[in-house]
Amino acid sequence: MGFIVFIANLCSSPSSPPSSPTHSYTDSRIDAYTTSKRIIEKVLKAPSTATFQSYDKSMISVSGDTYTVNGYVDAQNSFGAMLRSYYTVRLKGSAYNWTIESVVFDSEKIR
């Protein structure tokens, strides 16, 4: 009997959590991280070998509508050696609507 009640509760629970005031702010932070990864992949010699630092909200700073993502990526260089490279990507806007302000890869300004 308890098992049936458990299944009934699972079926009646909402499919997504209720939205909160910080929901879009969190979405923008995660999207800034995802967008920065796509930008950095274009700089890499072997993007298919890339392993990016896992998302952590502390790697993103926000000032108004400017999001600065600081992270690292492990990827092969042109000689096949795995190297860790650090990057900073500054984006302006909000989730799914970004303008790239600057890109720094291994202390070299790319854009």
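The sequence shown begins at 4 in our numbering and counts up by one.
In this text, a Cβ means the ideal position worked out from N, Cα and C, and glycines have one as well.
1) Could you please give the first and the last residue of the uninterrupted beta strand (DSSP E) stretch that includes residue 77?
2) For residue 47 and residue 78, what's the separation of their Cα atoms in angstroms?
3) Once the 5 residues before and after residue 101 are set aside, which same chain residues still bring their CB inside 6 Å of it?
4) By DSSP, does residue 42 sit in helix, in strand, or in coil?
5) Tell me the rounded alpha-carbon separation between residue 50 and residue 32.
6) Between which residues of its own chain and residue 114 is the CB-CB distance below 7 Å, once the five residues before and five after are set aside?
7) The beta strand (DSSP E) with residue 96 in it runs from where to where?
8) Output the distance between the C-alpha atoms of residue 56 and residue 74, rounded to the nearest integer angstrom.
9) Less than 8 Å between the CB atoms is what I'm expecting for residue 72 and residue 36, so what's the real figure, rounded?
10) Please confirm whether residue 43 and residue 65 have their CB atoms less than 8 Å apart.
11) In the DSSP output, what is residue 112 paired with across the bridge?
Taking the structure as given:
1) 69-79
2) 8 Å
3) 38, 94
4) helix
5) 23 Å
6) 103, 105, 106
7) 85-97
8) 6 Å
9) 6 Å
10) no
11) 107
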